[in-house]
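Data first, discussion second: the structure below is written as structure tokens.
Have a look at this one:
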């Protein structure tokens with residue numbers, strides 16, 4: 001094994017140890033481009049649950065299926081008062097074309113510059129591949145992580161975990177989301 | 001491990017013996033091209049395993065991506081209410097490139113059903129609760145795209161491909177014999 005292989009191996013291990021930000025952690029605030037000329041900050045959504053779906057790349061088929069499913073579930077998420085945000089390292093222009101092509105009705109945020117900075121804060125960055133992991137977070141109305149999950153890159157995690165987490169929030173006396 | 005949260009029951013569209021040793025549940029969208037490919041593969045599995053395999057189809061129309069998926073699902077459910085579910089299911093997949101009102105109407109008429117009743121069912125949303133119930137049960141079971149398959153209640157994460165799936169069925173059959 002040469003030195004560079006050793007370094008790569010170490011980096012991957014660091015990712016494994018770090019894992020996603022666990023439940024109970026305050027969700028780091030961020031401001032990212034939602035469109036080429038509009039930015040969105042996490043704190044603007046305080047008061048209702050937020051679903052963060054980090055995903056590796058626009059246009060890849062597994063992501064497409066995952067986000068198509070979430071797009072279909074927007075009315076269900078809305079019943080919980082929850083906002084869905086997709087996040088990848090693709091640029092705002094790339095997101096715009098992807099969202100238009102797939103008829104998405106939720107924001108795709110560009111964690112583009114510095115690349116993956118927000119994903120790193122959430123423990124959702126794969127520094128070996130240089131893309132976001134397939135990581136899900138449900139953040140409660142106070143801005144605290146209520147649930148997080150990282151799926152293997154090739155496996156679309158579905159939405160059952162998100163809905164279970166939203167159910168738990170809705171049934172929790174401390175953190176009842178504001179229903180629409 | 002994602003599991004089927006709504007057990008197979010008499011409310012399902014089932015094909016094959018209820019006493020089959022293995023049950024395969026598919027969540028499908030009539031307009032999804034991957035489901036269209038999987039349709040032929042499932043037929044092969046059924047032909048190969050005969051009475052050992054029961055097949056169940058549940059609706060999972062991704063309507064934001066597929067404008068004809070709901071109309072097709074309603075057509076199959078309407079035909080099903082008159083005893084022709086599997087005929088309509090097969091005709092929809094075998095004519096996937098022609099999905100649309102003319103095909104839905106033709107399917108109804110072919111089986112002596114009323115195209116007017118079908119039209120009313122589409123207008124009134126008669127079968128929407130059943131289709132939504134299939135869909136919601138799928139989401140809660142971890143359906144993550146279409147087609148999604150469950151063997152004996154466990155989500156199958158491999159390729160929707162004959163060899164891989166038939167090997168798994170063989171394994172389940174062997175396990176069943178050992179119990």
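Chains as they are written, first to last, in the UniProt record's numbering: chain A, 1 to 180; chain B, 1 to 179. Built from N, CA and C at the ideal position, the CB exists for glycine as well.
Just the Cα atoms here: how many angstroms apart are residue i and residue j?
{"i": "residue 131 of chain B", "j": "residue 27 of chain B", "result": "11 Å"}
{"i": "residue 94 of chain A", "j": "residue 39 of chain A", "result": "15 Å"}
{"i": "residue 136 of chain B", "j": "residue 129 of chain B", "result": "10 Å"}
{"i": "residue 30 of chain B", "j": "residue 114 of chain A", "result": "42 Å"}
{"i": "residue 168 of chain B", "j": "residue 5 of chain B", "result": "21 Å"}
{"i": "residue 157 of chain A", "j": "residue 41 of chain B", "result": "24 Å"}
{"i": "residue 116 of chain A", "j": "residue 144 of chain B", "result": "25 Å"}
{"i": "residue 140 of chain B", "j": "residue 68 of chain A", "result": "16 Å"}
{"i": "residue 162 of chain B", "j": "residue 70 of chain A", "result": "29 Å"}
{"i": "residue 116 of chain B", "j": "residue 78 of chain B", "result": "11 Å"}
{"i": "residue 94 of chain B", "j": "residue 87 of chain A", "result": "38 Å"}
{"i": "residue 110 of chain A", "j": "residue 61 of chain A", "result": "19 Å"}
{"i": "residue 122 of chain B", "j": "residue 70 of chain B", "result": "9 Å"}
Residue i versus chain B: which residues are under 9 Å apart at the beta carbon?
{"i": "residue 102 of chain A", "result": "64 and 65"}
{"i": "residue 48 of chain A", "result": "Under the 9 Å cutoff, chain B gives no residues; its nearest Cβ is about 21 Å from residue 48 of chain A."}
{"i": "residue 155 of chain A", "result": "144 and 157"}
{"i": "residue 90 of chain A", "result": "What residue 90 of chain A touches in chain B: nothing, since even the nearest Cβ is about 20 Å away."}
Which of the three DSSP states, helix, strand or coil, is assigned to residue i?
{"i": "residue 166 of chain A", "result": "helix"}
{"i": "residue 142 of chain B", "result": "coil"}
{"i": "residue 104 of chain B", "result": "helix"}
{"i": "residue 139 of chain A", "result": "strand"}
{"i": "residue 117 of chain B", "result": "helix"}
{"i": "residue 162 of chain B", "result": "helix"}
{"i": "residue 51 of chain A", "result": "strand"}
{"i": "residue 42 of chain A", "result": "helix"}
{"i": "residue 4 of chain B", "result": "coil"}
{"i": "residue 28 of chain B", "result": "strand"}
Run through chain A and tell me which residues come within less than 8 Å of residue i, C-beta to C-beta.
{"i": "residue 2 of chain B", "result": "158 and 160"}
Whose Cβ in chain B lies nearer than 8 Å to the Cβ of residue i?
{"i": "residue 73 of chain A", "result": "139"}
{"i": "residue 58 of chain A", "result": "Per Cβ cutoff of 8 Å: no residues; residue 58 of chain A is ~15 Å from chain B at best."}
{"i": "residue 163 of chain A", "result": "139 and 140"}
{"i": "residue 68 of chain A", "result": "62, 64, 65 and 145"}
List, in order along the chain, the chain C residues whose C-beta lies closer than 9 Å to that of residue i?
{"i": "residue 52 of chain A", "result": "In the structure shown, chain C cannot be found, because the protein chains are A and B."}
(Q) Closer than 9 Å between beta carbons: that is the criterion. Which residues of the region 139–173 of chain B meet it against chain A? (A) Within the region 139–173 of chain B, the residues whose Cβ lies closer than 9 Å to some Cβ of chain A are 139, 140, 141, 142, 143, 144, 145, 146, 148, 155 and 157, listed in chain order.
Q: Could you list the residues in the region 122–149 of chain A with a C-beta less than 8 Å from some C-beta on chain B, going in chain order?
A: Those residues of the region 122–149 of chain A that come within reach of chain B (Cβ to Cβ, closer than 8 Å) do not exist; the list is empty.
Q: List in chain order: all unbroken alpha helix (DSSP H) runs of 4+ residues lying wholly within the region 84–136 of chain A.
A: With a minimum length of 4 residues, the continuous alpha helix (DSSP H) runs that stay inside the region 84–136 of chain A are 92–102 and 117–121.
Q.
In chain order, what are the residue ranges of uninterrupted alpha helix (DSSP H) at least 4 long that sit wholly in the region 34–90 of chain B?
A. As summarised for the region 34–90 of chain B, the continuous alpha helix (DSSP H) elements at least 4 residues long and confined to that stretch are 69–81, given in chain order.
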